[in-house]
Amino acid sequence: MDFEEAREKLITELKLEGIKDEKVLEAFSKIPRHFFVPKEMIKESYLNIALPIGYGQTISQPYTIAVMLEALELKKGDKVLEAGTGSGYNAALISYIIGKKGKLFTTEIVPELAEKSRKKISELGLKNVKVVVCDGSLGYNKEKPYSKIIVTAACKEVPPPLVKQLKNNGILVAPVGNLYEQEMLKVKKIGKKLDIKKLGFFVFVPLKGAYEP
Ligand code: SAH
């Protein structure tokens with residue numbers, strides 16, 4: 003199986019679907035998705051689809067991740083919070099984009115998934131990521147404030163604790179809706195106001211806890 007060729011094909015597809023951010027596209031070409039996909043599905047690694055990773059969870063569809071990462075306007079040195087580590091793939095992409103001076107705190111509620119992703123991230127030599135086992139819908143108060151926050155599971159509203167932990171002028175991206183469909187929201191915090199942009203409909207597994215749809 004030629005993973006490199008499959009990966010390049012996927013990137014061409016992402017470009018055709020409208021992804022323009024060069025840093026995001028570069029991250030997709032550098033981080034091996036097949037490394038985060040269960041062995042039984044390794045051949046499907048570079049298809050533009052979500053795949054099961056066990057515990058009823060999924061590794062998100064590449065296009066969906068690309069939309070979210072582009073919306074976050076990530077740059078080197080960003081301090082980022084992710085809710086829903088899952089396989090760790092999205093975390094690895096963010097880690098690559100924010101570089102050595104950046105820092106990512108990623109939260110996961112299933113301890114086994116956190117442990118697996120921690121191992122993968124360390125095997126790839128990514129040192130700017132900390133995987134934390136906790137209810138990420140409440141954020142990770144200890145390291146606040148964050149310049150960017152990403153939620154990779156469906157919530158019924160933008161979790162207020164996360165908005166609180168976001169820096170002024172910071173950006174938060176989250177899929178908000180019911181169990182069957184969610185609208186991707188890009189939220190910019192400007193003083194006490196929130197500027198909200200809608201980025202289309204997607205389907206995610208639910209975020210457990212107080213904001214579960
Ligand atoms: N970003 C992931 C995809 C995540 S799927 C990837 O790249 O693979 C959503 C993940 O959110 C699942 O692993 C699920 O266990 C986790 N999750 C659900 N509710 C959560 C919560 N309240 N806090 C932290 N993680 C949660």
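Counting from 1, position 89 in the sequence shown corresponds to residue 91 in the numbering used here; the numbering is continuous, with no gaps.
All residues carry an ideal CB built from backbone N, CA and C; glycine is no exception.
Since this is a predicted model, take the numbers as computed values, not measurements.
query, result
"When burial is assigned at 16 or more other CB atoms within 10 Å of the CB, is Glu-84 buried or exposed?", "buried"
"Would you mind sorting Asp-4 into buried or exposed? The rule is 16 or more other CB atoms within 10 Å of its CB.", "exposed"
"Does Ile-198 pass the burial test, meaning 16 or more other C-beta atoms within 10 Å, or should it be called exposed?", "exposed"
"Quick one: what's Cys-157 bridged to in DSSP?", "Val-178"
"Helix, strand or coil for Lys-169? Go by DSSP, reduced to three states.", "strand"
"Along the alpha helix (DSSP H) that carries Leu-115, what are the first and last residues, could you check?", "113 to 125"
"Contact criterion: CB-CB distance below 8 Å. Does Gly-58 meet it with respect to chain C?", "No chain C is part of this structure, which consists of one protein chain only."
"Could you tell me which of Cys-157, Lys-195 and Val-135 sits nearest to Met-290, measuring between CA atoms?", "As displayed, the chain neither begins before 3 nor continues past 215, which places residue 290 out of reach and without an answer."
"Who pairs with Leu-83 in a beta bridge, going by DSSP?", "Phe-107 and Ile-151"
"Would you list the residues sitting across from Met-186 in a DSSP beta bridge?", "Pro-177"
"May I have the straight-line CA-CA distance separating Met-70 from Ala-8, to the nearest angstrom?", "22 Å"
"Give me the Cβ distance between Gly-20 and Pro-40, rounded to the nearest whole Å; I'm assuming they're in contact under 8 Å.", "Incorrect: roughly 29 Å between the Cβ atoms, too far for contact."
"Name the residue from Pro-54, Glu-42 and Asp-23 whose alpha carbon lies nearest to the alpha carbon of Lys-77.", "Asp-23"
"With 16 other CB atoms within 10 Å as the buried threshold, where does Asn-143 fall?", "exposed"
"Where does Phe-204 land, buried or exposed, given buried means 16+ other C-beta within 10 angstroms?", "buried"
"Using a Cβ-Cβ cut-off of 8 Å (strictly less than) and excluding sequence neighbours within five positions of Glu-72, which residues of its own chain qualify?", "Ile-21, Lys-22, Asp-23 and Val-26"
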